[in-house]
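Under full-length UniProt numbering, think of the first position of the sequence shown as 1, with each following residue one higher.
Here's the structure we're looking at; comments come further down.
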Amino acid sequence: MRNQQATQLLFELSRPGRRAHRLGNPGVPGAEDAVAALPRNMIASDPPPLPELAEGDVVRHFVGLSTLNMSVDTHFYPLGSCTMKYNPKRNERIASLPGLVDVHPMQDESQIQGLLEMMFDLQTMLAEISGLPGVSLQPAAGAHGELTALLVAAKYFQSIGSDRKVVLTADSAHGTNPASAQMAGFQTKTVKSNGNGMVDLEDLRAKLDDNTAVFMLTNPNTLGLFDSQIEEINRLVHDAGALIYLDGANMNAILGITRPGDFGADLMHYNPHKTFSGPHGGGGPGAGPICVRDFLSKFLPGPIVTRATDEKDSGSYIYHLESPSEDSIARVRSFFGNTGVLIRAYIYLRTYGDGLRRVSEDAVLSANYLLSKVKHFLDVPHGERCMHEFVASATRLKKEKKMSAMDLAKRILDYGFHAPTVYFPLVVDEAVMVEPTETESKQTLDAFAEALFRITDESGEFVHDAPHTTRISRPDDVSAARHPILRWTDSSSDSSASDSGQ
Ligand SMILES: Cc1ncc(COP(=O)(O)O)c(C=O)c1O
1 MRNQQATQLL FELSRPGRRA HRLGNPGVPG AEDAVAALPR NMIASDPPPL PELAEGDVVR
61 HFVGLSTLNM SVDTHFYPLG SCTMKYNPKR NERIASLPGL VDVHPMQDES QIQGLLEMMF
121 DLQTMLAEIS GLPGVSLQPA AGAHGELTAL LVAAKYFQSI GSDRKVVLTA DSAHGTNPAS
181 AQMAGFQTKT VKSNGNGMVD LEDLRAKLDD NTAVFMLTNP NTLGLFDSQI EEINRLVHDA
241 GALIYLDGAN MNAILGITRP GDFGADLMHY NPHKTFSGPH GGGGPGAGPI CVRDFLSKFL
301 PGPIVTRATD EKDSGSYIYH LESPSEDSIA RVRSFFGNTG VLIRAYIYLR TYGDGLRRVS
361 EDAVLSANYL LSKVKHFLDV PHGERCMHEF VASATRLKKE KKMSAMDLAK RILDYGFHAP
421 TVYFPLVVDE AVMVEPTETE SKQTLDAFAE ALFRITDESG EFVHDAPHTT RISRPDDVSA
481 ARHPILRWTD SSSDSSASDS GQ
């Protein structure tokens, strides 16, 4: 049965005089005079009408609200590009051990040797997986990693007396790519995709010149395709004297199979909250470590964890936090990064060890399995085969049944699944982007494909009003104005807003 207290506002649950606790005199000298001691102009003569509630009402209200949401722990979450895989609880438990969470950022190095050893090993593993030896753990998110790496590139060009000003981004790239380039002080130009969803080499050639600093490439790209022209891209960009930045958000597809450093990237970021069991959401704090080629290492932000042989015991090591060098772009984050997230990445990598390749193989297998089912009833413009995700299109459904990508995404909630990403990447009309990840069973994938199939068989009108079974329908929809929780909704709002992905 639904928790009614979750669906009523705290103001509606309020009863005059109801309280959580009535504290007696705390026995602290002067405490009873605390209100009297407040400056007169800070005491409202007419206090705001705050809700008056018992503790139980408040707890039930908020716990109930939390159960109305979908999460990876409660539902299949095929949100393309976001890699919402299930994160092992064991990693959470280990990262919460008191010896790790109670460390103070100002603590002396000698007292945190264990933690520094973990961070050093993590740097080493990230370098090995990427094929790029210079690592900084400082950035606090993927986009922050992009910005940091572009600042490194800018410093590099400055150091060789070059004034290159332009960053090229692919038209299928995540919006953070051009945004990071702008923030790092570059101008941006967009390189088109060709009919196969890969980089249009003609367009790349036309836009590359001696003002190009960096080409930002996502490979596999956001269409779930590995760009088979990578050798040619590598040659063109480097012959033009520019650097290749790899947006590593899609590393889940290639771990242990190929390495960005081996296929031409000079700099890259990881998204540990997608790939290495960092927690998702809430705006962070996350982590977006970056890796760079040797010649760029001296520009990395510090501190970086280094290792030296212990002079007193040649069989063991001492770990140091090395301050940024004078060539460095300096710090981009306080202390040495969000260690809580980095510890989870360390545990994830140590757990899989040599088996890491299997993560990507299974992620690619899951996506292809689902693709092979979905393509029978939804168009997939670029995909006979895919990497870790694929992008279907609802254009035909929209024409034939007035059923948009947004309608599909809303209706799938009624079947007990989180929606796929819709309307991204922008290069596919009515995009429905599905990323199942390696942590889902065949049964879940079958059930999801079956649900999507059933929806495409339903009436467009019925699906347009979905979801029908969730507590809240479309918050920006006219019908929501009738809902008890959403009475504040402006009933004149235009239902078509949801189709534009708002
Ligand atoms: C392809 C791609 N690049 C970059 C990012 C930015 O990463 P973050 O959200 O960690 O800033 C994302 C995030 O979804 C992404 O999917």
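C-beta: ideal position from N, C-alpha, C; glycine also.
Those residues that bring their Cβ nearer than 6 Å to a heavy atom of ligand 1 are Ser81, Cys82, Ala141, Gly142, Ala143, His174, Thr176, Thr218, Thr222, Asp247, Ala249, Asn271, Gly286, Gly288. Straight-line measurement puts the Cα of Leu397 at about 45 Å from the Cα of Ile343. Our two residues, Gly286 and Pro16, have alpha carbons roughly 43 Å apart in a direct line.
Take Lys401, set aside five residues on each side of it, and the residues of its chain with a beta-carbon closer than 6 Å to its own are Gly460, in chain order.
Under the DSSP definition of a beta bridge, Gly134 partners with Val292.
When only Cα atoms are considered, Arg18 and Ala44 end up about 21 Å apart. DSSP places Ser228 in the coil class of the three-state scheme, outside both helix and strand. Taking Gly224 as the centre and dropping the five residues before and after it, the same chain places the C-beta of Cys386, Met387, Glu389, Phe390 closer than 6 Å to its C-beta, in chain order. In this structure, DSSP gives Leu9 a state outside helix and strand, which the three-state scheme calls coil. Of all alpha-carbon atoms in Leu132, Thr470, Asp446, Val463, the one lying nearest the alpha-carbon of Met268 is that of Leu132. Counting only residues of its own chain and dropping the five nearest sequence neighbours on each side, Ser297 has a CB closer than 8 Å to the CB of Pro133, Gly134. Between Ser172 and Asn234, the CB-CB gap reaches or exceeds 7 Å.
With respect to the 7 Å criterion, Glu438 and Val332 are not classified as neighbours on the basis of their beta carbons. Counting only runs of 4+ residues, the alpha helix (DSSP H) found wholly inside the UniProt domain "Aminotransferase class V" (151-281) occupies 176-183, 201-207, 230-239, 272-275, in chain order.
Counting along the chain, the unbroken beta strand (DSSP E) around Ile318 starts and ends at 317-322. Cβ-Cβ distances below 6 Å link Gly80 to Glu389, Pro420, Thr421, Met433, Val434, Glu435 in the same chain, with the five nearest sequence neighbours on each side left out; the list follows chain order. A direct Cα-Cα distance of roughly 28 Å separates His273 from Val191. Sequence-distant Cβ neighbours of Ser334 in its own chain, meaning closer than 8 Å and more than five residues away, are Pro105. The three-state secondary structure of Ile472, taken from DSSP, is coil. The C-alpha of His418 is placed about 36 Å away from the C-alpha of Ala20.
It is roughly 18 Å from the alpha-carbon of Ile412 to the alpha-carbon of Ala367. For Met433, the uninterrupted beta strand (DSSP E) run begins and ends at 431-434, by DSSP. When the Cα atoms are used, Ser130 and His320 turn out to be separated by approximately 23 Å.
Here Arg357 is exposed: its Cβ has fewer than 16 other Cβ atoms, across all protein chains shown, within 10 Å. Annotated three-state conformation of Ile329 is coil, per DSSP. Beyond the five residues adjoining it in sequence on each side, Asp294 comes within less than 6 Å, by CB distance, of Pro133 in the same chain, given in chain order. In the DSSP annotation of this structure, Ala308 is not part of any alpha helix (DSSP H); the continuous beta strand (DSSP E) holding it starts and ends at 304-309. DSSP places Leu79 within a strand segment (E or B) once states are collapsed to three. Going by DSSP, Val391 is part of the beta strand (DSSP E) stretching over 390-393.
When DSSP assignments are scanned along the region 398-464, the uninterrupted stretches of beta strand (DSSP E) that are 3 or more residues long and fall wholly within it turn out to be 431-434.
Within 10 angstroms of the beta-carbon of Met42 lie fewer than 16 other beta-carbons, which makes it exposed. Rounded to the nearest angstrom, the gap between the Cα atoms of Gln123 and Leu137 is 7 Å. Nearest in C-alpha terms to Met216, of all of Leu10, Glu202, Asp46, Ala179, is Ala179.
Non-local beta-carbon contacts of Glu440 in its own chain, meaning distances under 7 Å to residues more than five positions away in sequence, involve Phe76, Ser366 in chain order. Annotated three-state conformation of Asp73 is coil, per DSSP.
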